[in-house]
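*Asks:* Start counting the sequence shown at 1; every next residue gets the next number (our numbering). Have a look at the structure that comes next, please.
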Amino acid sequence: MTEPEPLPLIMESSLQIAWDYLERSGEITDPQQTAEILLGSIKTQILKGESRTLMLSNRAIAAVEQHRKAA
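Structure (structure tokens):
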């Protein structure tokens, strides 16, 4: 069995995946706000026990999209 990735690496990887997706799709209009939403979502999920990188990034992307629809 392999060792789990350290949390800082999981956070960094998840953030990068989400950021790259949003950047390529042209959805980043306010970089600061986008980063805050992504990090907040990832942090909340990790505190709830989620550690799968793709799940973290996908849910963070959804949080940004939901925030945009609410604005």
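Just so it is clear, CB atoms sit at the ideal spot from N, CA and C, and this is done for glycine as well.
(1) In angstroms, rounded to a whole number, what distance separates the CA positions of residue 76 and residue 34?
(2) Measure the Cβ-Cβ separation of residue 57 and residue 14 and say whether it is below 7 Å.
(3) Nearest by alpha-carbon distance to residue 68: which of 29, 10 and 43 is it?
(4) Applying the 10 Å Cβ sphere with the 16-neighbour rule, what's the burial state of residue 71?
(5) I'd like to check one pair, residue 51 with residue 17: are the Cβ atoms closer than 7 Å?
*Replies:* According to the data block:
(1) The displayed coordinates of the chain run from 1 to 71. Any statement about residue 76 would go beyond what the structure contains.
(2) Position 57 of the sequence shown, counted from the start, is the residue given in the question as residue 57. Position 14 of the sequence shown, counted from the start, is the residue given in the question as residue 14. Yes, they are a contact pair.
(3) Here residue 68 corresponds to residue number 68 of the sequence shown, with the count starting at 1. The shortest Cα separation from residue 68 among 29, 10 and 43 belongs to 29.
(4) Locating residue 71 in the sequence shown gives position 71, counting from the first residue. The residue in question, residue 71, is exposed, as its Cβ has fewer than 16 Cβ neighbours within 10 Å.
(5) One-based indexing of the sequence shown puts residue 17 at position 17. One-based indexing of the sequence shown puts residue 51 at position 51. Taking 7 Å as the Cβ cut-off, residue 17 and residue 51 do not qualify as a contacting pair.
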